[in-house]
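Converting from the sequence shown to the numbering used here requires adding 64 to each position, the first position being numbered 1. Backbone N, C-alpha and C fix where the C-beta goes; we use that ideal spot for every residue, glycine too. Quantities reported herein were computed from a predicted structural model and do not represent experimental measurements.
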Amino acid sequence: MTAKENVVRLKAFIKKRLTDGRDDLKSGRIHGPFSSDSELIRSLRNEAQNRKKGK
65 MTAKENVVRL KAFIKKRLTD GRDDLKSGRI HGPFSSDSEL IRSLRNEAQN RKKGK
């Protein structure tokens, strides 16, 4: 693989990841930012409880 081919592959990979990230933002699949670690833990626990209720 040449350096140019590698750059093209890396650009495609980065573009895909950025597109996936934008899709996550649009559909609300992100959390935060959190002002403290306890706020993060509380959010994780609430999310876990919601998943258990959904099953």
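In this structure, DSSP gives residue 107 a helical state, which the three-state scheme calls helix.
A distance of 9 Å or more separates the beta carbons of residue 95 and residue 69. DSSP places residue 86 inside the alpha helix (DSSP H), whose first and last residues are 67–90. The beta carbon of residue 84 is closer than 6 Å to none in its chain, skipping five residues each way along the sequence.
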